[in-house]
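Residue numbers (this note's numbering): 174 to 304.
Ideal Cβ positions, reconstructed from N, Cα and C, are used throughout, including at glycine.
A short write-up of the structure that comes next.
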């Protein structure tokens with residue numbers, strides 16, 4: 174193996190140490206080797222990791238305990254904004270752009286990020302129809 178010395182800010186190394194202390198990695202060197210190998214697998218199509226237990230480390234370190242977005246969608250209560258967005262899109266898809274914009278204007282001030290997002294929905298639908 175080749176030895177390479179890399180300097181990191183204290184804050185970065187404190188986070189690395191925290192992950193090591195939690196048992197995700199056996200030591201800081203393993204963390205750093207894994208980080209390099211993982212990045213190479215993302216950047217290079219044909220790169221094969223040389224780190225022993227790379228797949229096991231990846232699974233344990235990068236495991237996603239968060240539920241899938243679909244699970245949230247099934248149980249989420251539609252907000253007023255989502256109901257408005259659905260109605261705005263429906264009007265735009267049906268060619269009733271004027272009503273779509275009227276809905277936006279009556280429910281949100283023009284400078285509102287929600288109004289801007291809804292405007293983009295209408296523009297997206299109408300630009301798709303023009304193509």
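- Cβ atoms of residue 231 and residue 211 come within 8 Å of each other, at about 7 Å.
- One thing to note: residue 281 has its Cβ no nearer than 8 Å to the Cβ of residue 273.
- Shown here for residue 264: same chain residues with a beta carbon closer than 6 Å to its own, the five before and five after excluded, namely 272, 273 in chain order.
- Looking at the backbone, the Cα of residue 235 and that of residue 277 are separated by about 41 Å.
- Comparing alpha carbon positions, the residue from 293, 224, 285, 257 closest to residue 205 is 224.
- Residue 219 and residue 182 have their C-alpha atoms spaced approximately 32 Å apart.
- DSSP places residue 223 outside both helix and strand once states are collapsed to three, so it counts as coil.
- Annotated three-state conformation of residue 179 is coil, per DSSP.
- Between the alpha carbons of residue 255 and residue 294 lies a gap of roughly 12 Å.
- For residue 259, the enclosing alpha helix (DSSP H) has its first and last residue at 253–266.
- Distance from residue 201 to residue 193 at the Cβ level is roughly 6 Å; contact confirmed, criterion being Cβ atoms closer than 8 Å.
- The C-alpha of residue 296 lies about 9 Å from the C-alpha of residue 270.
- The three-state secondary structure of residue 297, taken from DSSP, is helix.
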